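Here is the structure we will look at.
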Amino acid sequence: MRIALYEPEIAGNVGAILRLGACMGAAVDLIEPMGFEWDDRRVRRTAMDYIDHVEISHHPTFDAFRTATAPRRLILFTTKGKQSAYDFQFLPDDVLLFGKESAGVPPEIADACDARVRIPMRPEVRSMNLAMTAALALGEALRQTAALPDC
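Counting from 1, one number per residue, gives the positions in the sequence shown under the UniProt record's numbering.
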């Protein structure tokens, strides 16, 4: 299982997701450009020493990312998704894609995905924090595929 971040903008979110990947055994793909310098100390401050325990791949473009991750299914998490992540059937080698914090992904990226799912939430709110969404999504995908780390 992999987590992919499309043009992430907030270093703290990326750091938290790197820590999530380290704890849960999921690799993290970063699709550039990012909204901060990669050597930004805020990433390391949030990820702490966990950054040394996660596989991180940088991709200069979405096309480069798809080439590197093919033929895996690409599952987009979006507030525009019609299907709940809890009703979707994940596969062990899926790539869970999350858009940039301010705008998600453009239509052409959404169209390139194999599925669009959402995390259910109350209708009067817009969206959750990126790192929290990734944690909920990865947890459910790993649970379904019996790939949660041992307790």
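We put the CB at the ideal spot given by N, CA and C, even for glycine.
Please read all numbers here as calculations on a predicted model, not as lab measurements.
Sequence ranges, alpha helix (DSSP H) only - wholly within the region 9-81, length at least 4: 11-24, 41-47, 62-69
Contact set for Leu130: own chain, Cβ-Cβ below 8 Å, skip 5 residues either direction: Here residue 130 refers to the residue found at position 130 when the sequence shown is read from its first residue. Answer for Leu130: Leu5, Pro8, Ile10, Asn13, Ile17, Phe98, Glu101, listed in chain order.
Beta-carbon separation (whole angstroms), Arg126 vs Thr78, contact threshold 8 Å: Residue mapping note: residue 126 aligns to position 126 of the sequence shown, counting from 1. Residue mapping note: residue 78 aligns to position 78 of the sequence shown, counting from 1. About 12 Å; that fails the 8 Å criterion.
Own chain residues within Cβ distance below 6 Å of Val95, not counting five before or after: Numbered from 1 along the sequence shown, position 95 holds the residue referred to as residue 95. Once the five neighbours on either side are set aside, the close Cβ partners of Val95 are Arg2, Ala4, Thr69, Arg72, Leu74.
Assigned secondary structure, Leu96 (DSSP; H/G/I helix, E/B strand, else coil): Here residue 96 corresponds to residue number 96 of the sequence shown, with the count starting at 1. Strand, per DSSP.
Buried/exposed call for Leu91, threshold 16 Cβ in 10 Å: Sequence index remark: in the sequence shown, residue 91 carries index 91 (1-based). Burial call: exposed.
According to DSSP, residues forming a beta bridge with Val117: Here residue 117 corresponds to residue number 117 of the sequence shown, with the count starting at 1. Its beta-bridge partners are Phe77, Gln83.
C-beta atoms of Leu76 and Cys113 nearer than 7 Å: Start at 1 with the first residue of the sequence shown, and residue 76 comes out as number 76. Start at 1 with the first residue of the sequence shown, and residue 113 comes out as number 113. Yes, the Cβ-Cβ distance between Leu76 and Cys113 is below 7 Å.
N- and C-terminal bounds of the alpha helix (DSSP H) containing Asp137: Indexing the sequence shown from 1 puts residue 137 at position 137. Inspection of the sequence shows that residue 137 is occupied by Ala rather than by Asp. That run of the alpha helix (DSSP H) goes 130-144.
Own chain partners of Ala141 with C-beta closer than 7 Å, once the 5 adjacent residues on each side are dropped: As a first step, residue 141 must be located in the sequence shown, where it is residue number 141. Excluding sequence neighbours, Ala141 sits near Met1, Phe90, Asp94, Leu96.
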